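Colleague: Structure below; questions to follow.
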Amino acid sequence: MARTVLPFLAVLCTLSLCANAAAHHSVAGQFDSTKRTTITGVVTKVDWINPHVYVHMDVADEKGEVTTWRLESLPTAMLRKAGLTSEMIKGGGQKVTAVAILARNGTPNLGWLLNLTYEDGHEYVLAGE
Numbered sequence: 002m003a004r005t006v007l008p009f010l011a012v013l014c015t016l017s018l019c020a021n022a023a024a025h026h027s028v029a030g031q032f033d034s035t036k037r038t039t040i041t042g043v044v045t046k047v048d049w050i051n052p053h054v055y056v057h058m059d060v061a062d063e064k065g066e067v068t069t070w071r072l073e074s075l076p077t078a079m080l081r082k083a084g085l086t087s088e089m090i091k092g093g094g095q096k097v098t099a100v101a102i103l104a105r106n107g108t109p110n111l112g113w114l115l116n117l118t119y120e121d122g123h124e125y126v127l128a129g130e
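According to my numbering, the stretch in the sequence shown is residues 2 to 130, in order.
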């Protein structure tokens, strides 16, 4: 009996681990690296949460109408190890230019954040391509 049950349990455990690994989405699966955008605005909020940090930016168009963008980024642990904090990303209300790749499913104003450049000249490169 034990010879029959143990291999079955081993396979079952392996399959359950694979399901957990597949549950986390990949950047390439959610965002289209061929659709890059550059936006300029003000960081209004940073959701310093797991599994990914979200940076919210208010961006005005040519007519002055403001749209809020939500830019997904790396996990908090990776940003912390790089020495960043949510306050550093907020930038004290100064203008910031963000480069991001757009959502693959076409969700408006959603992107994967590649870098932020602030009006005082400092830059944070948050993801490579």
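All C-beta atoms in this analysis are idealised placements derived from N, C-alpha and C, irrespective of residue type, glycine included. These numbers were taken from a predicted model, which means no experiment stands behind them.
Hey, how far is the Cα of Val-28 from the Cα of Ala-101?
Modeller: As a position in the sequence shown, residue 28 is number 27, starting the count at 1. As a position in the sequence shown, residue 101 is number 100, starting the count at 1. The alpha-carbon atoms of Val-28 and Ala-101 are separated by roughly 12 Å.
Colleague: Can you tell me which of the three DSSP states Glu-63 falls into?
Modeller: Your numbering for residue 63 matches position 62 in the sequence shown. Reduced to three states, the DSSP call for Glu-63 is coil.
Colleague: For Glu-73, does the count of other Cβ atoms within 10 angstroms reach 16, so buried, or fall short, so exposed?
Modeller: Locating residue 73 in the sequence shown gives position 72, where the first residue counts as 1. It is buried - the Cβ of Glu-73 has at least 16 other Cβ atoms within 10 Å.
Colleague: Sort out for me which residues DSSP pairs Asp-48 with in a bridge.
Modeller: Walking along the sequence shown from the start, residue 48 turns up at place 47. Beta-bridge pairing links Asp-48 to Tyr-55.
Colleague: Tell me whether the beta-carbon of Ala-99 lies closer than 9 Å to the beta-carbon of Leu-115.
Modeller: Walking along the sequence shown from the start, residue 99 turns up at place 98. Walking along the sequence shown from the start, residue 115 turns up at place 114. Cβ atoms of Ala-99 and Leu-115: closer than 9 Å.
Colleague: Classify Thr-69 as helix, strand or coil using the three-state DSSP reduction.
Modeller: The residue given as residue 69 occupies position 68 in the sequence shown. In this structure, Thr-69 counts as strand in the three-state DSSP scheme.
Colleague: Could you tell me whether the Cβ atoms of Pro-76 and Asn-51 are closer together than 9 Å?
Modeller: Within the sequence shown, the letter at position 75 stands for residue 76. Within the sequence shown, the letter at position 50 stands for residue 51. Result yes, Cβ atoms of Pro-76 and Asn-51 sit closer than 9 Å.
Colleague: Cα-Cα, which of Gly-122, Trp-70 and Thr-86 is closest to Val-111?
Modeller: Looking up residue 111 in the sequence shown gives position 110. One detail in the question is off: residue 111 reads as Leu in this sequence, not Val. Here the closest residue by C-alpha is Trp-70.
Colleague: If you drop the 5 nearest sequence neighbours on each side, which residues of the same chain put their C-beta closer than 8 Å to that of Ile-40?
Modeller: Walking along the sequence shown from the start, residue 40 turns up at place 39. Only Met-58, Val-60, Trp-70, Thr-98, Ala-99 and Ala-101 meet the Cβ criterion.
Colleague: Gly-30 and Lys-96 - do their beta-carbons sit closer together than 9 Å?
Modeller: Here residue 96 refers to the residue found at position 95 of the sequence shown. Here residue 30 refers to the residue found at position 29 of the sequence shown. Contact flag unset, no.
Colleague: Which runs of the beta strand (DSSP E), 3 residues or longer, sit entirely within the stretch 75-121?
Modeller: Listed in chain order, they are 96-104 and 111-119.
Colleague: Taking C-beta to C-beta, are Tyr-55 and Gly-92 nearer than 9 Å?
Modeller: In the sequence shown, residue 55 corresponds to position 54, counting from 1. In the sequence shown, residue 92 corresponds to position 91, counting from 1. No; because the gap between Cβ atoms is not below 9 Å, this pair is not in contact.
Colleague: How should Val-44 be labelled, buried or exposed, when 16 other C-beta atoms within 10 angstroms of its C-beta is the threshold for buried?
Modeller: Looking up residue 44 in the sequence shown gives position 43. Buried is the call here.
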